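The structure appears below as structure tokens.
Residue numbers (the numbering used here): 578 to 779.
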């Protein structure tokens, strides 16, 4: 995967998951071509696509499930976005997600994403993990819009987005749709791809 940056102290499975996510999006685009893009539908759909990628890796996945959340020192009923559990019972991850749309031409990418990523981490810290849970992860999906097919260069956006220290992220990645697909979209014009940034709370 070309557009990927990660704190290499983090588990290799994250890199594997993001690469599988990238391929899952590419599979969708290959079938739908210029008729539709998989990531234009918001947070819920993008969580589902990440869950599909995790399932392909052999994880047991659970989306939008009811549980108890720790709020102000009290346990209250709530819902969590995604839980991944490895088939060999060695690993599980609680994930809370946010969604942000940004102009492809923005010069404030890290500044605008950082507080949203912090909110996602704060939310996942409220999730009461299953016994023995190993990781808690906050993520943000970033959907850039307003890209111009006639003057397209991903370097400027990626240079901002891949600055993990400014973003406060443990990893970030960007899936770019093939130019001949996104540039000819019938309904969702100006959407060249989608980014994901994540930070572990533990």
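For glycine and all other residues, C-beta sits at the position ideal for the given N, C-alpha and C.
Because the structure is a prediction, the values reported are computed rather than measured.
Query, Result
"Close beta carbons around residue 655, own chain, < 6 Å, minus the five adjacent residues each side", "646"
"Residue 735 to residue 751 span [Cα, whole Å]", "8 Å"
"Residues near residue 740 in its chain [Cβ-Cβ closer than 8 Å; skip 5 each side]", "687"
"Three-pair Cβ contact test at 8 Å for the segment 693-703 versus the segment 586-599", "no"
"Nearest-angstrom Cα separation, counted from residue 650 out to residue 708", "Annotation note: pLDDT 48 at residue 708 (below 50); position unreliable, no value reported."
"Residue 708 in three-state terms, based on DSSP", "With a pLDDT of 48 at residue 708, under the threshold of 50, the predicted position of this residue should be treated as unreliable, though the coordinate-derived value follows. Residue state, collapsed to three classes: coil."
"Continuous beta strand (DSSP E) stretch holding residue 678: start and end", "669-680"
"Residue ranges of each beta strand (DSSP E) within the segment 688-757, 3 or longer", "712-722, 748-753"
"For residue 595, the first and last residue of its enclosing alpha helix (DSSP H)", "589-609"
"Which of helix, strand or coil DSSP assigns to residue 776", "strand"
"Option nearest residue 759 by Cα separation, candidates 610, 602, 732", "610"
"Residues bridged to residue 638 (per DSSP)", "661"
"Best match in 714, 719, 597 for proximity to residue 669 [C-alpha to C-alpha]", "714"
"CB of residue 765 within 7 Å of CB of residue 617, strictly", "yes"
"Cβ-Cβ distance between residue 717 and residue 657 below 7 Å", "no"
"Cutoff 7 Å: residue 742 Cβ touching any chain B Cβ", "Here there is only one protein chain, and chain B is not present."
"N- and C-terminal bounds of the beta strand (DSSP E) containing residue 583", "581-583"
"Proximity winner among 743, 775, 778, 729, relative to residue 767 (alpha-carbon distances)", "729"
"Length of the line joining the Cα atoms of residue 771 and residue 620", "12 Å"
"For residue 623, three-class secondary structure by DSSP", "helix"
"Sub-7 Å separation of residue 781 and residue 634 beta-carbons", "The structure shown does not extend to residue 781, since the chain is modelled only from 578 to 779, so the question has no answer here."
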